[in-house]
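Asker: Using the numbering used here, read the sequence shown as starting at 63 and increasing by one per residue. Even glycine gets a Cβ: it sits at the ideal position worked out from N, Cα and C.
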Amino acid sequence: MKNIRNFCIIAHIDHGKSTLADRLLQTTNTITERQMQAQVLDDMDLERERGITIKSHAIQMNYIDPETKEEYTLNLIDTPGHVDFSYEVSRSIAACEGALLIVDAAQGIEAQTISNLYLALGNDLTIIPVMNKIDLPSAQPEVVADEIMNLIDCEREDIISASAKEGIGITDILEAIVKKVPAPVGNPDEELQALIFDSEYNTYRGIEVIFRVMNGSIKKGDKVKFMATGKEYEADEIGILGLEQKPQKEIKAGNVGYLISGIKQAKEVKVGDTITHVEKPCKKMIEGFENVKPMVFAGIYPVDTTEFEELRASMEKLQLNDSALIWEPETSAALGFGFRCGFLGMLHMEIVQERLEREFNMTVIMTVPSVRFQVTTKKDGVFNVSAPSEMPDPGFLEKIEEPFIRASIITKSDYIGQVIKICMDNRGILMNQSYLTTDRVEMIFEMPLAEIVFDFYDRLKTVSRGYASFDYELIGLRQSNMVKLDVMLNGEPVDALSAIVHRDKAYEWGKRLCENLKSLLPRQQFEIAIQAAIGAKIIARETISALRKNVIAKCYGGDISRKRKLLEKQKKGKKRMRQIGSVEVPQEAFMAVLKINN
């Protein structure tokens, strides 16, 4: 155990984590020249296309210390940098003793640098600061080094200057990992206690569980038990994670590995669960990870309603690989059966939709995000409403209560004004404001949850240049003046586009939504009326003009009555077509609501 080092790489997006991971793998000869490609650990098409890491990736390297000639086992976990995937980072950190904190020498310290650093410090990880991209013409190594020293209170010589692209400073980083990161603690002779920190679905072999052994050891063929679900399995194959899986006979305390035991049901594996032996179980479970707090809620529906069960299976498999995704079944009058899902942000929502389409060949429709309201009516009493289609007739309503949250926002003092303005615009009330340091402020707001599920989080990041961190807790229900805003196309309501909004914002919301839909809906042979309504009252309208065929093109001169006769005939045809014609609503139109504030 004294020669094992578990560490992760944390940084803001695009500061060079994945490139640095490539160099570490090359320097330790973990991968051959033939296997080498840029960002080798980012194995998803989406990651390569967008140039971002979406999933954390674990891999094992062997490193021989040039001085002592001792061999060390290094378990590296490359983590995402975008705030929407911070849950991936928190799980990776729980499996490590040390972290490489990468800072771009040209851009300096940014939001996720600070956010991920606090996650690491909260888990008592040893931090090794690395200043990357020192070869760039725009690099400011002295300025950035001062920023790092202020942030983590270290000396200038503790900061390793490196360039992952040019391969500068890579050996210094490996030496620092061996010397500074503590060896894992744990007793190989105790009962087995292992933490599941990731999992993946393999079509042929079932679910692959990725774990870190805290105490004891696990052997091939052992009977093991997952403590949260109480299920028992046989360890058919265990091994370590190289670029390919390497089967082993035994994995001892301190090490990271994978387990295959033919598990087919996705719900049997919970990330954060503890693995132990059936015969000699450990006394208590390892404390897992804190529960995910979704920021955006939306419905996912299959385009073809017969694919509902297939979509459920796809969602379960996707949840194995993305534990931040939370979902439960729901129904819609227009779209049939589907799921109400919670996401960590708008990018997370986009990525989930893309992955469902690419990895599972599911064509899905995403609906307008919302929250759950409590409605009191004169005849049915009190019940919950989580979609606009469930809202009762306004004539029977007594009151609507919506969930309120206590939001804690930590930001730099330069951005206090803009942050307060955004919160006030979203019906927030400032309850408290306190300075944590000279330039970091914590503000406590009470605000409706409905106001943060759209793009509040994204806008908060924008005005604070990414520095603001946001956390919230539910504080109960409060009565509000909420109304159901219906969207009608040619007089037919489309319940997937409806929303429950505050009466003060309803007119502006309806007007913008109609404008957005006008630019997104394709033109037809007949005129389409787009209307926003509260009950029977129309509050906004846009009209998409018909595609007009020139029926009088063949009349060269001649009597006007001939032309008028043709136009009247066309007018009747258009009227009949409008009555029987249906409007196809493209996926972009359902997303139009999300862009209302932009």
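#1: Tell me whether Q436 sits in a helix, a strand or coil according to DSSP, three-state version.
#2: According to DSSP, is F588 part of a helix, a strand, or is it coil?
#3: I need the boundaries of the alpha helix (DSSP H) containing E150, first residue and last residue.
#4: Give the straight-line distance between the Cα atoms of P203 and I235, rounded to the nearest whole angstrom.
#5: Using C-beta distances below 8 Å, list every residue in its chain close to I222, excluding the 5 sequence neighbours before and after it, in chain order.
#6: Excluding five sequence neighbours on each side, which residues of the same chain lie with their C-beta closer than 7 Å to the C-beta of K473?
#7: Short check: CB of L406 to CB of D146, under 8 Å?
#8: Using the Cβ count rule (16 or more neighbours within 10 Å means buried), how would you classify D661?
#9: Just to confirm my understanding: we take G490, look at its own chain, exclude 5 residues before and 5 after, and list those with CB closer than 6 Å. What are they?
#10: Since E330 is in the beta strand (DSSP E), which residue starts that stretch and which ends it?
#11: Mind checking K599: buried by the 16 CB within 10 Å criterion, or exposed?
#12: So which of M408, L492, K627 and V437 has the shortest CA-CA distance to P456?
#13: Which first and last residues belong to the beta strand (DSSP E) in which Q495 is found?
#14: Assuming I121 and T90 form a contact by the criterion Cβ under 8 Å, report the distance between their Cβ atoms to the nearest whole angstrom.
#15: With a 10 Å radius around its C-beta and 16 neighbouring C-beta atoms as the bar for buried, classify L183 as buried or exposed.
#16: Skipping 5 residues on each side, what residues in its chain have a beta carbon closer than 6 Å to that of G160?
#17: Tell me, please, which residues DSSP counts as bridged to I462.
#18: Is the segment 357-369 touching the segment 274-283 in the sense that three or more CB pairs, one from each, lie closer than 8 Å?
#19: With 16 other CB atoms within 10 Å as the buried threshold, where does D260 fall?
#20: Thinking C-beta only, is V545 closer than 8 Å to R565?
#21: Since I believe P250 is in contact with K314 (beta carbons under 8 Å), could you give me their beta-carbon distance rounded to a whole number of angstroms?
#22: Is S323 helix, strand or coil by DSSP?
#23: Report the rounded CA-to-CA distance for K117 versus E150, giving the unit in angstroms.
#24: If the criterion is Cβ atoms closer than 8 Å, does the pair M411 and S376 meet it?
#25: Check each candidate in I337, F399, E392 and G316 and name the one with the smallest Cα separation from P364.
#26: Span of the alpha helix (DSSP H) holding M377?
#27: Is it right to say N277 is buried, meaning 16 or more other beta carbons lie within 10 angstroms of its own, or is it exposed?
#28: Taking the alpha helix (DSSP H) that N137 belongs to, which residues open and close that run?
#29: Rank M453, V271 and M428 by C-alpha distance to the C-alpha of G597 and give the top, closest one.
#30: Does the Cβ of N660 have 16 or more other Cβ atoms within 10 Å, making it buried, or fewer, making it exposed?
#31: Using DSSP's beta-bridge definition, name the partner residues of P364.
#32: Where do the ends of the alpha helix (DSSP H) carrying N212 lie?
#33: From S451, F458, S432 and R434, pick the residue whose C-alpha is nearest to that of G443; which is it?
#34: My output table needs one value for R603: the three-state DSSP class, helix, strand or coil.
#35: Grouping DSSP H, G and I as helix and E and B as strand, with all else coil, what is G572?
Answerer: In terms of the structure at hand:
#1: strand
#2: Three-state result, F588: coil.
#3: S148 to A156
#4: 17 Å
#5: I190, P191, V192, M193, G231, D234, I235 and A238
#6: Checking the sequence, you will find Thr at residue 473 rather than Lys. Contacts found: V481, V503, S526, Y529 and A530.
#7: yes
#8: Nothing in the structure corresponds to residue 661, since the chain is present only between 63 and 660.
#9: F507 and M509
#10: Counting along the chain, E330 falls outside any beta strand (DSSP E), and DSSP gives it neither H nor E.
#11: exposed
#12: V437
#13: I491 to Y497
#14: So it is not a contact: roughly 10 Å between Cβ atoms.
#15: exposed
#16: Cβ contact annotation for G160 (same chain, cutoff 6 Å, sequence separation greater than five): F69, L187, T188 and V243, in chain order.
#17: V437 and S542
#18: no
#19: buried
#20: yes
#21: 5 Å
#22: Reduced to three states, the DSSP call for S323 is coil.
#23: 7 Å
#24: no
#25: F399
#26: F370 to N383
#27: buried
#28: It is not in any alpha helix (DSSP H) - N137 instead sits in the beta strand (DSSP E) that spans E133 to D140.
#29: M453
#30: Reliability of the predicted coordinates at N660 is poor, the pLDDT of 46 falling under 50, and the value obtained from them is presented with this limitation in mind. Classification for N660: exposed.
#31: V426
#32: P203 to I214
#33: Ranking S451, F458, S432 and R434 by CA distance to the CA of G443 puts F458 first.
#34: Correct three-state label for R603: strand.
#35: helix
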